[in-house]
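Okay, structure first, notes after.
2 protein chains.
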Amino acid sequence: MRIGALEAGGTKMVCAIGDETGTIYEQESFPTVTPEETLPQLLDYFKGKEIEALGIACFGPIDLDRDSDTYGYITTTPKTAWMNTDIAGYFANCLNVPVGFDTDVNGSLLGEVTYGQAKGLGDAVYYTIGTGVGAGVMSGGKLVHGAMHPEAGHMLLRVREDDPMPEGICPFHGACLEGMAAGPSIEKRWGKKAIEMKDDARVWDLEAYYLAQCMVTTTLMLSPKIIILGGGVMHQTQLFPLVREKTRELLNGYIKNDTVNDMDHYIVPASLHDDQGIMGCLKLGFDAV
Amino acid sequence: MRIGALEAGGTKMVCAIGDETGTIYEQESFPTVTPEETLPQLLDYFKGKEIEALGIACFGPIDLDRDSDTYGYITTTPKTAWMNTDIAGYFANCLNVPVGFDTDVNGSLLGEVTYGQAKGLGDAVYYTIGTGVGAGVMSGGKLVHGAMHPEAGHMLLRVREDDPMPEGICPFHGACLEGMAAGPSIEKRWGKKAIEMKDDARVWDLEAYYLAQCMVTTTLMLSPKIIILGGGVMHQTQLFPLVREKTRELLNGYIKNDTVNDMDHYIVPASLHDDQGIMGCLKLGFDAV
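Okay, here's the thing in structure tokens:
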């Protein structure tokens, strides 16, 4: 089946054509400007490409409640030009194909669970640690929506005493995960970009402490079989052994489960070379048919 | 259908006979001693009662993985006499009926979702705050198991500066939710039983602060449509308005969702007069057929 894929991010829109095996035939990016300017560009990309379905993984918050009048909308986003934009409806109407729609992080998770290392694992969590922190959650083979969708990036953290920026920078919560561990927090705390501090052990030790709290809470709340960490910050691969070690310390032997305790396979990097999002869109499109 | 129900707790075993409408015909309790002494007593209760199925909601940790050799076992419990006890298998073999099996808290949740106030809500969380803290989770209409089952009672908390017992009492995690907010923690912190301090505002203000952190993390991680708080500590009903108020403060306007923000209907007491567990067992038994 020819499927269209749209990874709708706050900075850029990635469009692709592919199929349900996860093969990407072609791909193109457009800057995210305003709905009036950007949506027609994306539509032009998909028109005439003979797609039978479209999958959209979208920045948010978005409305995933099929019974809601605003299903398929971007809702209360801080990117004000995009507030109350019926992005799924726009493409469904203009392209006249079934449209699958979910959050950007659920898209990445779906890519990993369908085509990547988490294949076949119906209980999985995907975090993107970048300019913000987002989480996609699958439980029992289904993406978790619930009342809205998880917003685990804002979980509250215990602040370490030696943190030079104990107040955090989240405008809502101060020292939540996003306020302490996303890229801008690292930069603000230490006065340099994360990428320039690769060899500064105290930077990554503190970062791993906060990410480990997230791993512990995720394990205890969701009982997943795998936790995948993607996003720009996790390109600092020296973080993985540190996060695993501190997760083990914080759990302190409480969880006696082989899946969790095989930590090299439990807390892992994304496996699809940053194509997990667009591949997840292919699956979203396929599932919409 | 005549269904047997067994709510297997660490202190007592509640046995009942009822049907799939949630009607309980008769009920009897037995102390939890050892498997050798207790299991035959329970078997005697159920024998000859012409049940067509049995539902068991059991203290844990337990093995819920149907592909595991120890499915249906109580596994690594601190109640050492019950370690590695094949409780589901014992009744399946001796009674020769289908046996449904889940955690004690998932049983209570299932009772509320099937027969109580959360009827029809497929995304719900149940906490019991008593001698310990346990959590049952339903997502998309299915009880969450995953790699094991949620152990949200041990989520890490941010400790308040004025807490006279900042170290907590959980032997694994110190200041986790169970270590800070369960009945024994309250008693240890203030030197009196919770029930004797009903009018002491600082006790409940601090308790509500910790429970509110749990509400925030639950909301952000699981996106439920309702959170039900049961267990002995929650018989202090003055906690509910305090917990809601502090949850609102901690979320700080971040979640723009009517279900969550209608907090009087979002954070609620158990509704089935402490029969939610045994009623959940009836549903577990029914679903096993």
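Going down the list, the protein sequences come from chains A and B.
Numbering of the first sequence is given in our numbering, commencing with residue -5 and proceeding in unit increments.
Numbering of the second sequence is given in our numbering, commencing with residue -5 and proceeding in unit increments.
Every residue, glycine too, gets a C-beta built ideally from N, C-alpha and C.
Being a predicted model, the structure only gives us computed values, none of them experimental.
Quick one: Cα of Trp184(B) to Cα of Gly147(B), how far?
Trp184(B) and Gly147(B): Cα-Cα distance of roughly 21 Å.
Taking C-alpha atoms, which residue in Ile45(B), Ile123(B), Met(-5)(B) lies nearest to Gly226(B)?
Ranking Ile45(B), Ile123(B), Met(-5)(B) by Cα distance to Gly226(B) puts Ile123(B) first.
Quick one: grab the DSSP three-state call for Val27(A).
Coil at Val27(A), not helix or strand.
Would you mind working out which of Gly3(A), Gly4(A), Glu30(A), Glu44(A) sits nearest Tyr19(A), comparing C-alpha positions?
Closest option to Tyr19(A), judged by alpha-carbon separation, among Gly3(A), Gly4(A), Glu30(A), Glu44(A): Glu44(A).
Grouping DSSP H, G and I as helix and E and B as strand, with all else coil, what is Pro235(B)?
Assignment of Pro235(B) by DSSP, reduced to helix, strand and coil, places it in the helix class.
Runs of 4 residues minimum, wholly inside the segment 68 to 152 of chain B: which ones carry the alpha helix (DSSP H) assignment?
Taking 4 residues as the shortest admissible run, the segment 68 to 152 of chain B contains the following complete alpha helix (DSSP H) segments, listed from N- to C-terminal end: 81 to 89, 98 to 109.
Can you list the residues of chain A that Asn246(B) reaches, using a CB-CB cut of under 7 Å?
Phe166, His167, listed in chain order.
Starting from the Cα of Thr64(B), find the closest Cα among Thr79(B), Lys136(B), Ile261(B), Ala51(B) and give me that residue.
Ranked by how close their Cα comes to the Cα of Thr64(B), the residues Thr79(B), Lys136(B), Ile261(B), Ala51(B) have Thr79(B) in first place.
Would you report the Cα separation of Tyr204(B) and Gly126(B), rounded to the nearest angstrom?
Approximately 14 Å, taken between the alpha carbons.
Would you list the residues sitting across from Cys52(A) in a DSSP beta bridge?
Looking at the DSSP assignment, Cys52(A) forms a beta bridge with Ala2(A), Thr97(A).
Below 7 Å between beta carbons: does that hold for Lys136(A) and Gly134(B)?
Yes, they are a contact pair.
Proximal residues to Val107(A) (C-beta, below 7 Å), its chain only, five neighbours per side dropped
Cβ-Cβ distances below 7 Å link Val107(A) to Lys113, Leu115, Ala118, Met132 in the same chain, with the five nearest sequence neighbours on each side left out; the list follows chain order.
Under a Cβ-count criterion, where at least 16 other Cβ atoms within 10 Å of its own Cβ denotes burial, should Met77(B) be classed as buried or exposed?
Looking at its Cβ environment, which holds fewer than 16 other Cβ atoms inside 10 Å, Met77(B) is exposed.
Between Glu239(A) and chain B, is any beta-carbon pair separated by less than 7 Å?
Not an interface residue.
Tell me whether Val8(B) sits in a helix, a strand or coil according to DSSP, three-state version.
Three-state result, Val8(B): strand.
Unbroken stretches of the beta strand (DSSP E), 3 residues or longer, contained in the segment 171 to 259 of chain B:
Listed in chain order, the complete beta strand (DSSP E) runs (minimum 3 residues) inside the segment 171 to 259 of chain B are 220 to 224.
Can you tell me the Cβ-Cβ gap for Ala202(A) and Leu236(A), rounded? I've got them flagged as a contact below 8 Å.
At roughly 4 Å, the Cβ-Cβ gap stays under 8 Å, so Ala202(A) and Leu236(A) are in contact.
Please list the terminal residues of the continuous alpha helix (DSSP H) segment that includes Ile272(B).
Annotation: the continuous alpha helix (DSSP H) that includes Ile272(B) extends over 270 to 282.
Can you tell me the Cα-Cα spacing of Asp13(B) and Gln232(A), whole angstroms?
Cα to Cα, Asp13(B) sits roughly 56 Å from Gln232(A).
Looking at Gln230(A) and Ser102(A), is the spacing between their C-beta atoms short of 7 Å?
Judged by beta-carbon spacing, Gln230(A) lies beyond the 7 Å limit of Ser102(A), meaning their Cβ atoms are not closer than that value.
Determine, using beta carbons only, whether Asn90(A) comes closer than 7 Å to chain B.
So, not an interface residue.
According to DSSP, which residues form a beta bridge with Gly168(A)?
BP columns for Gly168(A) point to Cys164(A).
Apart from the five residues on each side of it in sequence, which residues of its chain come closer than 6 Å, Cβ to Cβ, to Gly94(A)?
The answer, listed in chain order, is Gly49, Leu278, Gly279, Asp281, Ala282.
So, does the CB of Asn251(B) fall closer than 7 Å to a CB anywhere in chain A?
Closer than 7 Å: yes.
Contact list for the segment 72 to 89 of chain A against chain B, Cβ threshold 9 Å:
If the cut-off is 9 Å between Cβ atoms, the segment 72 to 89 of chain A has nothing near chain B.
Who are the neighbours of Arg284(A) on chain B, taking C-beta pairs under 9 Å?
Lying outside -5 to 283, the shown extent of chain A, residue 284(A) is not represented and no answer is given.
Limits of the unbroken beta strand (DSSP E) element including Pro263(A):
261 to 263 is the extent of the beta strand (DSSP E) around Pro263(A).
What are the residues that DSSP puts in a beta bridge with Glu20(B)?
DSSP output for Glu20(B) lists Ile11(B) as bridge partner(s).
Sub-7 Å separation of Asp57(B) and Thr74(B) beta-carbons:
No Cβ-Cβ contact shorter than 7 Å links Asp57(B) with Thr74(B).
My understanding is that Thr97(A) touches Gly140(A), with C-beta atoms under 8 Å, so please give their C-beta distance in whole angstroms.
For Thr97(A) against Gly140(A), the beta-carbon gap comes to about 12 Å, at or over 8 Å, which does not count as contact.
What residues from chain B crowd round Asp194(A), counting only those whose CB sits closer than 9 Å?
Chain order gives no chain B residues near Asp194(A), where near means a beta carbon separation below 9 Å; the closest approach is about 26 Å.
My guess is that Met215(A) and Met215(B) are in contact by the Cβ rule of under 8 Å, so how many angstroms apart are they, rounded?
Contact holds; Cβ gap of about 5 Å.
At 8 Å on the CB atoms, spell out the chain B contacts of Gln207(A), in chain order.
Contact annotation for Gln207(A) against chain B: Leu150 [CB-CB distance below 8 Å, chain order].
With a threshold of 7 Å between beta carbons, is Thr211(B) in contact with chain A?
For Thr211(B), the answer is yes, since a Cβ of chain A falls inside 7 Å of its Cβ.
Where DSSP assigns a beta bridge to Ile(-3)(A), which residues make up the other side?
Ile(-3)(A) is bridged by DSSP to Gly12(A), Ala47(A).
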